[in-house]
Amino acid sequence: MIFGAKKTYGLWLLVVILMMSCRDTEGVKRIRLAHGLDISHSVHKAMVKMGEDLAELSNGSLRLEIYPNQQLGTEREILELIQIGSLDMTKVSVATLENFAPKTRILGLPYLFRDREHAFEVLDGPIGQQLLDDGQKYWLKGLGFYDAGSRSYYSKERPIEHPDDLKGLKIRVMESVTAMDMVRSMGGSPTPISWGELYTSLQQG
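FYI, in the numbering used here the residues of the sequence shown are 314 to 518.
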């Protein structure tokens, strides 16, 4: 995740293992993409459009198969499937990716960028490319970064309007050392929970 001066920006990395896709009996090359978002999410819809464009541009020789809603596992489990060649592609949060490609941990530092424009000036340049290329050492190839929106904190106890409002609260975070350290620094109690468990955890307190 990336913090701006007034807003926070989620960054996600698209990763793929090349040449691991399968061909069916008709000679169509299948690219298997899994992620944890609901089918109503704009990112999933963008992936569907990407699949349509891919099929059109390849004259039907490439087919993108999408598995949403954590059908094939959590982000961590999906990355592990990619590393062993059982899956081709995903979108994943930097918070999860830092457990596989340590250099991406820098993107979780608070107030790293001034704003969205500054963030993409860096990420679309040589520094961003270095981070994408570094994943190849871990059998992950980065294709690009995109903005996943502002970070938000939700609480049943009280409104969160200032960092001090986090004091004493149990805050769900992704499985990221950087994210947990950040919440602790503001006085909260970080609890790593997968996205699929979020709503149940909020209901149960």
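All residues carry an ideal CB built from backbone N, CA and C; glycine is no exception.
In this structure, DSSP gives Gly373 a state outside helix and strand, which the three-state scheme calls coil. By a beta-carbon distance limit of 8 Å, Val486 does not contact Pro472. Their separation comes to about 19 Å. Beta-bridge annotation (DSSP): Pro505 is paired with Val486. Going by beta carbons, Phe413 and Tyr380 fall outside the 9 Å limit. The alpha-carbon separation between Arg497 and Lys362 amounts to approximately 40 Å. Taking C-beta atoms under 8 Å as the contact rule, Leu385 and Leu375 fail to qualify, at a distance of about 20 Å.
Apart from the 5 residues on each side of it in sequence, Met495 sits with its Cβ closer than 7 Å to the Cβ of Pro423 in its chain, given in chain order. Taking the C-beta atoms as reference points, Ser507 is found nearer than 9 Å to Glu488. Taking C-beta atoms as the reference points, Asn382 and Asp351 count as a pair closer than 9 Å. Residue burial is scored here from C-beta neighbours: Arg345 has at least 16 other C-beta atoms within 10 angstroms and is therefore classed as buried. The distance from the Cβ of Leu392 to that of Leu453 is about 7 Å, consistent with a contact at the 8 Å cut-off. Per DSSP, Leu394 is one residue of the alpha helix (DSSP H) stretching across 388-396.
Counting along the chain, Ile440 sits inside the alpha helix (DSSP H) bounded by residues 439-447.
When rounded, the separation of the alpha-carbon atoms in Leu425 and Glu365 is 36 Å. Rounded to the nearest whole angstrom, the CA to CA distance from Lys483 to Pro505 is 10 Å. Under the three-state reduction of DSSP output, Glu411 falls in the coil class, being neither helix nor strand.
Under DSSP, Ala347 forms a beta bridge with Tyr380, Thr403. Under a 10 Å Cβ-count criterion, Gly398 is classified as exposed, with fewer than 16 other Cβ atoms of the shown protein chains found around its own Cβ. DSSP, read as helix, strand or coil, puts Gly364 in helix.
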